[in-house]
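*Asks:* Residue numbers (the numbering used here), protein chains in the order written: chain D, 897 to 1024; chain A, 154 to 592.
We treat Cβ as the ideally placed atom computed from N, Cα and C, and that holds for glycine.
Quick one: the structure is below, and I'll ask about it shortly.
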Amino acid sequence: MNTQKKKILVVDDDENLRTVLVDKLEISGFDALGAKDGQEGLDKALTNHPDMVILDGMMPRLTGWQVLEKLRQDTWGKDVKVIMLTAVEDFEKMAKAMEGGSCQYLVKTNYSLDEVVKKIQDMFAGKK
Amino acid sequence: MPNNQLIKKHLLNSLVVFISLIGFLGFILFIFYRVSSESSLYLSNSLAFLQFKILAVSVIVVSTLVAYIIYLLCTSETRTRLLVLEATRELAESKGQLQKLYEGAPVPYLTLNSKGEVQDLNKAALRFFGVVAEDMLQKNFFSFFSDEEKEKTAQLVQHYNLRIPINREEVRIVNKVGDVRWVLLSVFDMGSSTKNGRLGLVTVFDIDDQKKLEQTKTEFVSLASHQLRTPLATFKWYIDMLLSGGLGELPEKPKDYISKLYTVNEEMIDLVDTLLNVSRLELGKLTIEKKETNVPEAVESILTELSSQITKKNIVIEKSFGDGLKNLDSDPRLLRIAIHNLLTNAVKYTGEGGRVTVSLAETLSGKTISVSDTGLGIPKSEQGKIFQKLFRASNVKDVSASQSTGLGLYLIKSIVENLGGTLSFVSEEGKGSTFTIKL
């Protein structure tokens, strides 16, 4: 498993952000794929079983928070690593997201791409 | 009128007692007169005459006093009744005034019995509910609450039954035409009356317009910040990709230009963060979560963030960190925002080659975080205004508005006070400033 590239699903309705993040992850040695809204993200997650799901907060069809809730109800999804990568802090939702499973919460403008990659690597390495 | 009859009776009483007293005094004087004329021989002795006069005066004084007491005793009943009548009249007058106040007040008032049924309501309440009195009388007041307030309603009913005062609770009430309106509800126990048992006075303060405005503002801030932050993040990440995304080294000039874009973008991100934090603060949405806060670590990470500006202006950073602030019980996120703003200000307003000193100290009176600079300083005449929202000192006006918003110190002070601390400063124009957070 270790020799295989980790698979990361990036779910964000903003095409520019999704593209640059997918590119950066590819360059950093991950196998990255994108989804353009919550519903597509949930479908892709449940069929592809990625090692990590990166979710935007506000998205059409299903919000990132709703996707997270549905993932946590799934037998596979309940343990999958998740990063909530949102534009706006929502402290209540953040606290709730942290409750179950492995989940990090980042605000996009506060982190450079390198820092995001560092967080991902730390999560795979089992660091908090 | 019983009042007049009472006064007549009182006067008559007084007259009878007065006439009897005059008669009594006359009788006493008559006795003296007889005694003095019958013993004129004996009274020729001047000493004996003086004794007789003293006796006469004493008898007159004592009998006047006795007469007055008799007068008081005889008229006490009528006088008491007169006083009671006067008090009753005053009571009725003030009750009438209170009733007018209740009736005509612009705030809806309702009176409830012990079961919570409406016994009475004023004109403003009729207008608020869009009803005539009969529509509400004897109906349970709590049945007019919105269905969405079930839990809250149950809680409020319990409070009412246990006679716990309900003070300015926000609830939604439905009026006759089905409009749901937010109100501030207060219910006070008015004690018991013999006729109706326990009474509760309800005031219903309509805050629906205020609520809607607040909601619109929140939505706007949330929307605006989301809409602004997404493109800012896009800029940030694409510049990241160009500068360090593994696309190979860029030529010097393009790299320089892109770095400038990066700096400006970071300033915009800071500005949006500040606006968002100020809005949250004003909407009361800046929740405090206290936990172990490592202040030296936070300062170091902020200084790393500001390193490009610090290097550019050749500013010397001096640090004096105690051990005590490594595990401060505070909100790390909020405290970081406050310190970040203090350090940004210090670097922004300090000239080429200046010095910024950060001191963390633990004293008997509290823990302090101080930031000193050798910068512009604040003119003495303006020192009283610097914590006002949007205030910019006259000597910083040439710093561009995107870099100096007049929100920073306002935000820092509000945050520090929310954390239970104080913010103070000393400053001299042209020499620099020291800002101290005390927690």
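Do A/V271 and A/L265 have their beta-carbon atoms positioned less than 8 Å apart in this structure?
*Replies:* Here residue 265 of chain A refers to the residue found at position 112 when the second sequence is read from its first residue. Here residue 271 of chain A refers to the residue found at position 118 when the second sequence is read from its first residue. Yes, these two residues count as a Cβ contact at 8 Å.
*Asks:* Kindly list the residues whose CB is nearer than 7 Å to the CB of A/S140, restricted to its own chain and excluding five residues on each side of it in sequence; keep chain order.
*Replies:* Any property of residue 140 of chain A remains undetermined from this structure, which presents chain A solely from 154 to 592.
*Asks:* If A/T521 sits next to A/G585, beta carbons under 8 Å apart, how far is it from one beta carbon to the other, in whole angstroms?
*Replies:* For this step, residue 521 of chain A is matched to residue 368 along the second sequence. For this step, residue 585 of chain A is matched to residue 432 along the second sequence. In fact, because the Cβ distance is near 18 Å, the residues do not count as touching under 8 Å.
*Asks:* Is DSSP giving A/T427 helix, strand or coil here?
*Replies:* Locating residue 427 of chain A in the second sequence gives position 274, where the first residue counts as 1. Correct three-state label for A/T427: helix.
*Asks:* Reducing DSSP to helix, strand and coil, say where A/L529 ends up.
*Replies:* Position 376 of the second sequence, counted from the first residue, corresponds to residue 529 of chain A. Coil.
*Asks:* What residue ranges within the stretch 274-306 of chain A form continuous alpha helix (DSSP H) runs of no fewer than 4 residues, ordered along the chain?
*Replies:* Correct list: 276-282 and 286-289.
*Asks:* D/V984 CB to nearest chain A CB: under 8 Å?
*Replies:* The count along the first sequence starts at 1 and reaches residue 984 of chain D at position 88. By this cut-off, D/V984 is an interface position.
*Asks:* Which first and last residues belong to the beta strand (DSSP E) in which A/F341 is found?
*Replies:* Here residue 341 of chain A is taken as the residue at index 188 of the second sequence, counted from 1. Note, A/F341: beta strand (DSSP E), V333 to S346.
*Asks:* Excluding sequence positions up to five away, which residues of its chain have a Cβ less than 6 Å from the Cβ of D/D1018?
*Replies:* Working through the first sequence from its first residue, we reach residue 1018 of chain D at position 122. Nothing meets the Cβ criterion.
*Asks:* Of the choices D/K977, D/G960, D/V907 and D/N912, whose alpha-carbon is the least far from that of D/K989?
*Replies:* If you number the first sequence from 1, residue 989 of chain D lands on position 93. Measuring from the Cα of D/K989, the nearest candidate turns out to be D/G960.
*Asks:* What did DSSP end up calling A/T516 once you bin it into helix, strand or coil?
*Replies:* On the second sequence, residue 516 of chain A is found 363 positions in, with the first residue counted as 1. DSSP places A/T516 in strand when its eight states are reduced to three.
*Asks:* Measuring straight from C-alpha to C-alpha, what distance separates D/D910 and D/L964?
*Replies:* Counting from one through the first sequence, the residue named residue 910 of chain D turns up at place 14. Counting from one through the first sequence, the residue named residue 964 of chain D turns up at place 68. Each residue's alpha carbon lies about 18 Å from the other.
*Asks:* For the structure I just gave you, are there three or more beta carbon pairs, one from the stretch 334-348 of chain A and one from the stretch 368-377 of chain A, closer than 8 Å?
*Replies:* No, because fewer than three Cβ pairs between the stretch 334-348 of chain A and the stretch 368-377 of chain A fall closer than 8 Å, the two stretches do not touch.
*Asks:* Using a threshold of 8 Å, state whether the C-beta atoms of D/L938 and D/L958 are closer than that.
*Replies:* For this step, residue 938 of chain D is matched to residue 42 along the first sequence. For this step, residue 958 of chain D is matched to residue 62 along the first sequence. Closer than 8 Å, so yes.
*Asks:* For chain A, check one thing: does any of its Cβ atoms lie closer than 8 Å to the Cβ of D/I923?
*Replies:* Looking up residue 923 of chain D in the first sequence gives position 27. Taking Cβ atoms only, chain A reaches closer than 8 Å to D/I923, which makes this a yes.
*Asks:* Helix, strand or coil: how does DSSP classify D/Q1000 here?
*Replies:* By 1-based counting over the first sequence, the position of residue 1000 of chain D is 104. The answer is strand: DSSP assigns D/Q1000 an E or B state.
*Asks:* List the DSSP bridge partners of D/K977.
*Replies:* Here residue 977 of chain D corresponds to residue number 81 of the first sequence, with the count starting at 1. D/M948, per the DSSP bridge assignment.
*Asks:* Relative to chain D, which residues along the stretch 372-393 of chain A have a C-beta separation below 7 Å, given in chain order?
*Replies:* So the close ones are S375, S378, H379, R382, T383, L385, A386, T387, K389, W390, Y391 and D393.
*Asks:* Name the chain D residues that come within less than 7 Å of A/S397, Cβ to Cβ?
*Replies:* As a first step, residue 397 of chain A must be located in the second sequence, where it is residue number 244. Residues of chain D passing the Cβ test: D1010.
*Asks:* Report all residues from its chain with a CB closer than 8 Å to the CB of A/K329; omit the five preceding and five following residues, and keep chain order.
*Replies:* Here residue 329 of chain A is taken as the residue at index 176 of the second sequence, counted from 1. Counting only Cβ-Cβ distances below 8 Å, and skipping sequence neighbours, we find F282, G283, V284 and D288.
*Asks:* Three or more beta-carbon pairs under 8 Å between the stretch 500-513 of chain A and the stretch 467-474 of chain A, yes or no?
*Replies:* Short answer: they touch.
*Asks:* For chain D, check one thing: does any of its Cβ atoms lie closer than 8 Å to the Cβ of A/I317?
*Replies:* Locating residue 317 of chain A in the second sequence gives position 164, where the first residue counts as 1. Closer than 8 Å: no.
*Asks:* At the 8 Å Cβ level, is A/I539 part of the contact set with chain D, yes or no?
*Replies:* On the second sequence, residue 539 of chain A is found 386 positions in, with the first residue counted as 1. With 8 Å as the cut-off, A/I539 does not count as an interface residue toward chain D.
*Asks:* Less than 8 Å separating the beta-carbons of D/P956 and D/D933?
*Replies:* Here residue 956 of chain D refers to the residue found at position 60 of the first sequence. Here residue 933 of chain D refers to the residue found at position 37 of the first sequence. Taking 8 Å as the Cβ cut-off, D/P956 and D/D933 qualify as a contacting pair.
*Asks:* Determine which residues share a DSSP beta bridge with A/T510 and list them.
*Replies:* By 1-based counting over the second sequence, the position of residue 510 of chain A is 357. For A/T510, which the question treats as bridged, DSSP gives the partners A/E471 and A/S525.
*Asks:* Counting only runs of 4+ residues fully inside the stretch 212-277 of chain A, write out the alpha helix (DSSP H) ranges in chain order.
*Replies:* For the stretch 212-277 of chain A, not a single whole alpha helix (DSSP H) run of length 4 or above is found.
*Asks:* Is A/G506 closer than 8 Å to A/N467 when the C-beta atoms are compared?
*Replies:* Translated into the one-based positions of the second sequence, residue 467 of chain A becomes position 314. Translated into the one-based positions of the second sequence, residue 506 of chain A becomes position 353. Yes, these two residues count as a Cβ contact at 8 Å.
*Asks:* Check each residue of the stretch 937-956 of chain D: if its Cβ is closer than 8 Å to any Cβ of chain A, include it; give the result in chain order.
*Replies:* Of all residues in the stretch 937-956 of chain D, M954 have a Cβ within less than 8 Å of some Cβ in chain A.
*Asks:* Mind listing the chain D neighbours of A/I422? Cutoff is C-beta to C-beta under 9 Å, in chain order.
*Replies:* Your numbering for residue 422 of chain A matches position 269 in the second sequence. The answer, in chain order, is T1005 and N1006.
*Asks:* Does the CB of D/K920 have a neighbour CB from chain A at under 8 Å?
*Replies:* As a first step, residue 920 of chain D is located in the first sequence; it is residue number 24 there, counting from the start. It does: the Cβ of D/K920 has a partner Cβ on chain A nearer than 8 Å.
*Asks:* Can you tell me the Cα-Cα spacing of A/T440 and A/K348, whole angstroms?
*Replies:* Taking the first residue of the second sequence as position 1, residue 440 of chain A is located at position 287. Taking the first residue of the second sequence as position 1, residue 348 of chain A is located at position 195. Distance between the alpha carbons of A/T440 and A/K348: 49 Å.
*Asks:* Between D/D970 and chain A, is there a C-beta pair that is closer than 8 Å?
*Replies:* Locating residue 970 of chain D in the first sequence gives position 74, where the first residue counts as 1. Cβ-Cβ to chain A under 8 Å: no for D/D970.
*Asks:* Grab the span of the beta strand (DSSP E) containing A/V452 for me, first residue to last.
*Replies:* Working through the second sequence from its first residue, we reach residue 452 of chain A at position 299. First-last for A/V452: V448 to E458, but that is the alpha helix (DSSP H), not the beta strand (DSSP E).
*Asks:* Could you check if D/M897 is buried or exposed, using at least 16 other CB atoms within 10 Å of its CB as the buried criterion?
*Replies:* Here residue 897 of chain D is taken as the residue at index 1 of the first sequence, counted from 1. Any reading at D/M897 must be qualified, since the residue scores a pLDDT of 47, below 50, and its modelled position is unreliable; no value is offered.
*Asks:* Counting only C-beta atoms, is D/V916 closer than 8 Å to chain A at any point?
*Replies:* Translated into positions along the first sequence, residue 916 of chain D becomes position 20. It does; some Cβ of chain A falls within 8 Å.
*Asks:* For A/E372, which three-state DSSP category applies?
*Replies:* By one-based count along the second sequence, residue 372 of chain A stands at place 219. Of the three classes helix, strand and coil, the one that applies to A/E372 here is helix, per DSSP.
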